[in-house]
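Numbering-wise, the sequence shown is residues 49 to 382 according to this note's numbering. Virtual Cβ for every residue (Gly too), placed ideally from N, Cα, C. Reviewing the structure listed below.
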Amino acid sequence: MSKPDKTMATPLLDIRKLSLRYNNQKHLAVDRVSLTIKRGSSLGLVGASGAGKSSIARAIVRLIEPDSGEVRFNGRNIGTMDSQQLAEVRQRIQLVFQDPVVSLSPKRTVEQTLLEPLQHFSIGDTNDRKNRIREILATVGLQDNALGRFPHQFSSGQQQRIAIARALVTNPDLLIADEAVSSLDVSIQAQILRLLQELQSKFGISILFISHDLAVIRQIADNVAVMYQGQLLEQSPADQFFSQPAHPYSKTLLAIAKGTPPASWPGKQWQLERGHEMDDTSSSCVFAGFCPDKMDVCTQKEPALRDIQYNKQHTLDQHCVKCHLYEEVKTNDH
């Protein structure tokens, strides 16, 4: 009998109680967030503007340093890596940003844009790089005649394909797409999402897809993680999230997406607020002020993030929720 593959059992990305704040601000931008991404899977990270989603993306590759917590990639703590080790990890983790016009240099041709990461990470020789560029360009649906052209000579959808090609050219294990289709019209969004799904199937890459748009998340994600005021409130298999969300905030988001917001919804007000202070000892649930299911305990004690199950049926992926409503069905506290 063959031994189990420990590398397959270890999550590709494992974030443990990550906290960070900007410029010594009182409130945390990311507040003790823990989440995981398995190899070859896609996680949709959702929440209102200012929830901390993009801060997590930047902390993963140490573009910003967290105040506390760990980010583990392939079982290794990114926070303790030296510059050489970090460079190796950044080759394996690539980002695609919201606006390709901003992320692509107007002074560089497509060829120069795709060569830059290969040169930066010393990947291959001159011939290898040329072949790799043509291969990845074809993969995202563009022809060789695009190589000598500049970004402004392409449509917005083609520009995002170029940005995706640049991210894929280093052969990453994890692709972080931060609002990567939000600036595109609906038809182009669908094309890019289909492209990402095809690339995931072809190369087996994992995807962290950050978006405020639940329709987009429903199309791309295997699992869904919901953030509010810097905190993770729920992580669930996508099918279960969209059919049976657990947290009252998740239910509220889905209701808003369907055009039926609850009476307690305060509009955009909750987008601008932050969660707990770093030294906060009088904790409560961050959603208590707007929650339709609020109980007395919600304003007196912060809930734990718990693994849950419905009707004692196990799912293949973790379903956890941070809510006092589920204290009776807990299986494990995080």
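Exercise for review: Could you check if Leu66 is buried or exposed, using at least 16 other CB atoms within 10 Å of its CB as the buried criterion?
Suggested key: buried
Check your understanding: Identify the residues that DSSP records as bridge partners of Tyr276: which are they?
Key -> Gln279
Check your understanding: In whole angstroms, what separates the C-alpha of Ala286 from that of Thr174?
Key -> 43 Å
Check your understanding: How would you call Arg209, buried or exposed, if buried means at least 16 neighbouring beta carbons within 10 angstroms?
Key -> buried
Exercise for review: Between the Cα of Ile236 and those of Gln207, Asp221, Thr218, spot the shortest distance and give me the residue it belongs to.
Suggested key: Gln207
Review point. When we look at the beta-carbon of Leu111 and count the other beta-carbons within 10 Å, is it buried (16 or more) or exposed?
Key: exposed
Check your understanding: Cα separation between Leu320 and Gly98?
Key -> Residue confidence for Leu320 is low, a pLDDT of 43 falling below 50, so the modelled location carries little weight; the figure read from the coordinates is stated next. Straight-line Cα distance between these residues: approximately 6 Å.
Point to revise | Simplified DSSP state of Gly92, which is helix, strand or coil | key: strand
Point to revise | Beta-carbon separation (whole angstroms), Cys368 vs Gln288, contact threshold 8 Å | key: That pair is no contact at about 12 Å.
Check your understanding: When we look at the beta-carbon of Asp62 and count the other beta-carbons within 10 Å, is it buried (16 or more) or exposed?
Key -> buried
Check your understanding: Less than 9 Å separating the beta-carbons of Lys74 and Met275?
Key -> no
Point to revise | Lys199 versus Leu152: straight-line alpha-carbon distance, rounded | key: Strictly speaking, residue 199 in this sequence is Pro, with Lys absent from that position. For Pro199 and Leu152, the distance between alpha carbons rounds to 7 Å.
Review point. For Gln348, which of Cys339, Ser332, Met129, Gly337 has the nearest alpha-carbon?
Key: Ser332
Exercise for review: Report back the beta-carbon spacing between Ile141 and Val109 to the nearest angstrom; my notes put them in contact at under 8 Å.
Suggested key: 5 Å
Practice item. Determine the direct distance from the alpha carbon of Leu241 to that of Phe202, and round the result to whole angstroms. Key: 19 Å
Review point. Hey, which unbroken runs of the alpha helix (DSSP H) at 4 residues or more fall wholly within the region 217 to 291?
Key: 234 to 251, 262 to 268, 286 to 291
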